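Residue numbers (our numbering), protein chains in the order written: chain A, 759 to 1102; chain B, 85 to 537.
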Amino acid sequence: MRDACGLVDLSAFTVLDVTGPGAVDGLQRLAVAQLDVPVGRVVYTSFLNDAGGFVADLTIMRLGATSFRVVTGASTGGSDAKWIADHLPDDAQLADVSSGWATLGLWGPRAWDVLTSVKRDGDQSPPRTFGISEFIEVGGAVVLASRISYVGEFGWELHVPAEQAGQLWDLLREAGQPHGLAPVGIGVYATTARLEKGYRAYGAELTPEYNLVEAGLTRPRVKPQSFIGKDAYLAQREAAPDAVLCTLTVDSVVSAEGIPRYALGGEPVLAPDGSRLVDALGRPSYVTSAGSGPSVGRHLLMAYLPPAVAAAGTSLLVEYMGEQYPVTVAGSGAVFDPSGSRMR
Amino acid sequence: MTEVPENASAVVIGAGIVGNSLVHHLALQGWRDVVLLDKGPMPNPGGSTGHASNFVFPIEYSKMMFELTRDSTEQYKALGVFTESGGIEVARTPERMIELRRRTTQAKSWGIPAEILTPEGVRKLVPYVDESVILGGGYFPTVGVVDSLRAGTLMREQARDSGALTVVSGAEVLGITVSGDRVRGVVTTAGEIETGNVVICCGVWSARVARMAGARLALTPTVHQMISVGPIALFAGTTGEISYPIVRDVDTGMYERQHGGDMEVGSYMHRPIIVDPDTIPSNEEAALSPTELPFTADDFDPQLAQALELMPELLGDEKAGIRYAINGLISMTPDGHPLLGETPEVKGLWSAAASWIKEGRADVGQGPHRRRARGRRGAVLPVVAGDRLRARPRRRGVQQDVRHRAPGGAVRVGPPAAHRAAVRADQGTRRGVLRDRPLGAAALVRVERAAAR
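Here is the structure:
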């Protein structure tokens, strides 16, 4: 994928359409990010609870003045839908259209070549600007192309009516052959590539127990409109965090018996003397996500660490299957393409 | 028969451990005019609580499940119904020993005491285990058992004595009235109650009751077989419910635990046996209770052989016989997680079902009530995998899961993959649209957690 182009089936996504005169205000009250954006803009945002802990992490596309499309994960979609529905004003509606739409991810340096080779003649090119979504025609299908990327590469989430998903898949595979396109699995999307980019996952890094500051997801400004959790969030921004979310590299994966062992998540992160790391609020440090990072040649972990040991370059230990392995804190950002230039 | 009050702030249906815990916490939070209903008699109305083995292992891969378990253990200790016995997961295979190393290390993340034992180490704690059959074990000293009937009774009576709660036993719910998308009341054999909050804590009957209101719960009653062998000579000198650590024979999907003078042997390795909730007998019809169904020995025989292998003298003693044997009914969901919270179909209709004793029957009770007490603020429980089933019951299970997003999987010694697969088949599965597309030579990378099956 990172060398040419990858194609991934993301059809398990939950897709929710929120419409009506009250849609923008309704979603505005739930999201941390600004939602009153121009039509076509794609917004990545968290939802918080009153205490400023995470309850959701998703993307929202503005399709029209009174029409938004929320895209979120398969396993959280149900509760995200209920959270949104419970908070919408009377003049807004939510429709679960997940079964009506399939999503294909197309990302990599050759993604543009692949997609433009199959668009209809004379049709608009797919959006080149990051963070924009547009309807384009590909083969016989009308596709909503959304220029975002959880894998950190140039490309799109392509949303297509479910009955046309197969056609689009076949078309892209064929068109992609001369460009080196390869189908890649959900492990690339959800684990290796996103870990290399340091992207957080709901349920793993983002839970009600942690906040935006600790997760390193703050933006320079907080929007003027009110939203659930705003007061708590503002207070969190003023205070020093009790934990810092970091990516760590595993320096050696070889066990004492000479067998390579790869942590899968949940393992305790320890100080160099083997003692447990626990932050000021009593939260233990453990691996929230783990996976291989082929682009950087290291097994990667994410964990919340007490600030004293969160500096890049700090040496720590992770214990897996009764043995301790040396790890190094890489920092709070991405270990691969930290500036994000490949994506844009 | 007692008649039900005309109004209630909340009607809780089901006086098993979950319902009892819920009314207890509602009362503590200041709720008044709560009504608890059960079609069966007190103190044991005949649900799974009445026969469940009730042991609690603190170790969980998922942080959220660990916290639920920890909080409920503290609650049970405060009630004086928790007996710490310790627990050992024995390994018969090298793969299991490797998994135990992973599990005991995982325990360190949450600060749970755990250590690896040699076969001899296991035998020192549990002298009736045949060392030659095992390669070692994982010892969790803080494992314990809960007297769930007593726990439930204490919690229910505290709520009743505080004046917050009316208990009506022998009252069966015949219907739940809904107006628009909101609950309005319940209709029972003992009268009608107007209320804005109904909580379904009905265990194996939960889906049936939810249907009365037009709501769907993805819960299936399934069988878990257990027998009791006694009198056990070794246990004759002991006092109390349990003096020896619980043994979990993970490779064979079984457990053996002392229960007074008997050895209770449970199995999850029989064929999946799904029971249609409409065929569950009433209290009057059932020989023992509605959730203690007649034992099918054929299904248990291979497991009994394995138990005998592990504990030959104790279970093979001619003077000990099988004194109790049931096909016990338990509630299963497609992913093994509980169903907690407000139903998406009907406002004011809540479920607290399919939870195990360790999952905070106390805190499960707390979850829904905290959400109501504080509106939508401060959700106690983060998103669980099972939440998608509660919130999207018509969408059924999703085959293409982005599994990493849900904290942990339902990894436990309990109904194995075959049972969950049967429940998923019963509940229905959604298939991905590109399922049939061949992927050619490119490898499909899938990271799967090694699971303790």
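For each residue, glycine too, the CB sits at the ideal point set by N, CA and C. Keep in mind that this is a model prediction, so the values were computed, not measured.
**OP:** State the Cα-Cα distance for the pair T422 of chain B and V174 of chain B, rounded to the nearest angstrom.
**Re:** Position 338 of the second sequence, counted from the first residue, corresponds to residue 422 of chain B. Position 90 of the second sequence, counted from the first residue, corresponds to residue 174 of chain B. For clarity, residue 422 of chain B is Pro in the given sequence; the question names Thr instead. Spanning the two alpha carbons is a distance of roughly 27 Å.
**OP:** Report the three-state DSSP secondary structure of G540 of chain B (helix, strand or coil).
**Re:** Only positions 85 to 537 of chain B appear in this structure, which leaves residue 540 of chain B out of reach.
Subject >> Residue nearest to G1089 of chain A in terms of C-alpha spacing, selected from A:A1029, A:L1003, A:R1056, A:P1018 >> reply: On the first sequence, residue 1089 of chain A is found 331 positions in, with the first residue counted as 1. It is A:L1003 whose Cα lies nearest to the Cα of G1089 of chain A.
Original post:
How would you list, in chain order, the residues of chain B whose beta-carbon sits under 7 Å from the beta-carbon of S769 of chain A?
Top reply: Sequence index remark: in the first sequence, residue 769 of chain A carries index 11 (1-based). Near S769 of chain A (Cβ distances below 7 Å), the residues of chain B are Q484, G516, V517, L518.
Subject >> Residue from A:S1047, A:E963, A:D871, A:S825 with nearest C-alpha to G780 of chain A >> reply: Residue mapping note: residue 780 of chain A aligns to position 22 of the first sequence, counting from 1. Out of A:S1047, A:E963, A:D871, A:S825, A:S825 has the C-alpha closest to the C-alpha of G780 of chain A.
Subject >> Neighbour list for G924 of chain A in chain B, Cβ cutoff strictly below 9 Å >> reply: The residue you call residue 924 of chain A lines up with position 166 of the first sequence. Here the neighbours are V517, L518, D520, R521.
Original post:
Near Q242 of chain B, what residues of its chain come up, given a Cβ to Cβ distance below 8 Å and the 5 sequence neighbours on each side ignored?
Top reply: Mapped onto the second sequence, residue 242 of chain B falls at position 158. Listed in chain order, the non-local C-beta contacts of Q242 of chain B below 8 Å within the same chain comprise H108, A111, local neighbours out to five positions each way being set aside.
Original post:
Can you tell me the Cα-Cα spacing of A1069 of chain A and Y1062 of chain A, whole angstroms?
Top reply: By 1-based counting over the first sequence, the position of residue 1069 of chain A is 311. By 1-based counting over the first sequence, the position of residue 1062 of chain A is 304. Taking the straight line joining both Cα atoms gives about 12 Å.
Original post:
Measuring CA to CA, which of B:Y328, B:A502, B:T417 is closest to E168 of chain B?
Top reply: Locating residue 168 of chain B in the second sequence gives position 84, counting from the first residue. Here the closest residue by C-alpha is B:Y328.
Original post:
What does K981 of chain A reach in chain B if we use C-beta pairs closer than 7 Å?
Top reply: Position 223 of the first sequence, counting from 1, holds the residue named residue 981 of chain A. Chain B residues near K981 of chain A: none, gap ~21 Å exceeds 7 Å.
Original post:
Got a sec? Which residues, its chain only, sit under 8 Å from V797 of chain A by beta carbon, not counting five neighbours each side?
Top reply: The count along the first sequence starts at 1 and reaches residue 797 of chain A at position 39. Counting only Cβ-Cβ distances below 8 Å, and skipping sequence neighbours, we find R820, L821, G822, A823.
**OP:** Using the Cα positions of E151 of chain B and A506 of chain B, report the straight-line distance between them to the nearest angstrom.
**Re:** By 1-based counting over the second sequence, the position of residue 151 of chain B is 67. By 1-based counting over the second sequence, the position of residue 506 of chain B is 422. Their Cα atoms are separated by approximately 29 Å.
**OP:** Would you mind working out which of A:G961, A:G866, A:L975, A:A933 sits nearest S833 of chain A, comparing C-alpha positions?
**Re:** Within the first sequence, residue 833 of chain A is the residue found at index 75, counting from 1. If we check each option's Cα against that of S833 of chain A, A:G961 comes out closest.
Subject >> CB contact below 8 Å: I218 of chain B versus chain A >> reply: Within the second sequence, residue 218 of chain B is the residue found at index 134, counting from 1. I218 of chain B does not count as touching chain A.
Original post:
Relative to the C-alpha of S701 of chain A, which residue among A:R1034, A:A1029, A:A899, A:R952 is closest?
Top reply: Because residue 701 of chain A is not part of the residues shown, which for chain A are 759 to 1102, the question remains open.
Subject >> Alpha-carbon spacing of T1007 of chain A relative to P966 of chain A, whole angstroms >> reply: As a first step, residue 1007 of chain A must be located in the first sequence, where it is residue number 249. As a first step, residue 966 of chain A must be located in the first sequence, where it is residue number 208. Spanning the two alpha carbons is a distance of roughly 26 Å.
Subject >> Where N318 of chain B sits in the DSSP three-state scheme >> reply: As a working note, residue 318 of chain B is residue 234 in the second sequence. Checking the displayed sequence, the identity of residue 318 of chain B turns out to be Leu instead of Asn. Helix.
Subject >> Within-8 Å CB hit, S366 of chain B to chain A >> reply: Indexing the second sequence from 1 puts residue 366 of chain B at position 282. Chain A, which has no Cβ nearer than 8 Å to the Cβ of S366 of chain B, makes this no.
Original post:
If we call anything under 8 Å between Cβ atoms a contact, is V227 of chain B one with G164 of chain B?
Top reply: One-based indexing of the second sequence puts residue 227 of chain B at position 143. One-based indexing of the second sequence puts residue 164 of chain B at position 80. Not closer than 8 Å, so no.
Subject >> Unbroken stretches of the beta strand (DSSP E), 3 residues or longer, contained in the segment 850–938 of chain A >> reply: 851–854, 859–865, 891–896, 899–904, 913–919
Original post:
Which value, in whole angstroms, describes the spacing of the CA atoms of P89 of chain B and G269 of chain B?
Top reply: The residue you call residue 89 of chain B lines up with position 5 of the second sequence. The residue you call residue 269 of chain B lines up with position 185 of the second sequence. One Cα belongs to P89 of chain B, the other to G269 of chain B, and the distance between them is close to 12 Å.
Original post:
Pick from A:A770, A:D761, A:G974: whose alpha carbon is nearest that of R519 of chain B?
Top reply: Taking the second sequence and counting its residues from 1, one reaches residue 519 of chain B at position 435. When each option's Cα is compared against that of R519 of chain B, the closest is A:A770.
Original post:
Can you name the start and end residues of the beta strand (DSSP E) that N411 of chain B belongs to?
Top reply: Here the question's residue 411 of chain B lines up with position 327 in the second sequence. Unbroken beta strand (DSSP E) run through N411 of chain B: 405–416.
Original post:
Quick one: what's Y1044 of chain A bridged to in DSSP?
Top reply: Numbered from 1 along the first sequence, position 286 holds the residue referred to as residue 1044 of chain A. A:P1026.
**OP:** Kindly list, in the order they appear in chain B, the residues whose Cβ is closer than 8 Å to that of E1015 of chain A.
**Re:** On the first sequence, position 257 is the one that residue 1015 of chain A refers to. Residues of chain B passing the Cβ test: none, with the nearest at roughly 11 Å.
Subject >> Under 9 Å (Cβ pairs) to chain B, residues found in the segment 913–945 of chain A >> reply: A920, E921, A923, G924, W927, D928, R931, A940, P941, V942, G943, I944, G945
Original post:
On the three-pair Cβ rule with 8 Å, is the segment 423–440 of chain B touching the segment 287–306 of chain B?
Top reply: yes
Original post:
If you compare alpha carbons, which of B:L394, B:C285, B:T306, B:T133 is closest to L424 of chain B?
Top reply: Reading the second sequence from its first residue, position 340 is the one you call residue 424 of chain B. Nearest of B:L394, B:C285, B:T306, B:T133 to L424 of chain B, Cα basis: B:C285.
Original post:
Is it the case that the Cβ atoms of G345 of chain B and A381 of chain B are separated by a distance below 8 Å?
Top reply: Counting from 1 along the second sequence, the entry for residue 345 of chain B is found at position 261. Counting from 1 along the second sequence, the entry for residue 381 of chain B is found at position 297. Going by C-beta atoms, G345 of chain B is not nearer than 8 Å to A381 of chain B.
Subject >> Residue(s) in a DSSP beta bridge with V359 of chain B >> reply: Along the second sequence, read from residue 1 onward, the residue named residue 359 of chain B stands at position 275. Looking at the DSSP output, V359 of chain B shares a beta bridge with no other residue.
Subject >> Contiguous beta strand (DSSP E) assignments of at least 3 residues, all confined to the segment 950–989 of chain A >> reply: The beta strand (DSSP E) runs of length 3 or more contained entirely in the segment 950–989 of chain A do not exist; there are none.
Subject >> Inter-residue spacing [alpha-carbon to alpha-carbon] between S415 of chain B and R977 of chain A >> reply: Within the second sequence, residue 415 of chain B is the residue found at index 331, counting from 1. Within the first sequence, residue 977 of chain A is the residue found at index 219, counting from 1. For S415 of chain B and R977 of chain A, the distance between alpha carbons rounds to 45 Å.
Original post:
For chain B, is any of its Cβ atoms less than 8 Å away from the one on E1025 of chain A?
Top reply: Taking the first sequence and counting its residues from 1, one reaches residue 1025 of chain A at position 267. Contact with chain B is found for E1025 of chain A, since one of that chain's Cβ atoms lies less than 8 Å from the residue's Cβ.
Original post:
Can you give the Cα-Cα distance for S891 of chain A and L768 of chain A, rounded to whole angstroms?
Top reply: Counting from one through the first sequence, the residue named residue 891 of chain A turns up at place 133. Counting from one through the first sequence, the residue named residue 768 of chain A turns up at place 10. Cα to Cα, the separation comes out at about 17 Å.
Original post:
What is the DSSP secondary structure of V293 of chain B, counted as helix, strand or coil?
Top reply: Taking the second sequence and counting its residues from 1, the one referred to as residue 293 of chain B is at position 209. For V293 of chain B, the secondary structure class from DSSP, reduced to helix, strand or coil, is helix.
**OP:** Using the Cα positions of R234 of chain B and A162 of chain B, report the straight-line distance between them to the nearest angstrom.
**Re:** Here residue 234 of chain B refers to the residue found at position 150 of the second sequence. Here residue 162 of chain B refers to the residue found at position 78 of the second sequence. For R234 of chain B and A162 of chain B, the distance between alpha carbons rounds to 13 Å.
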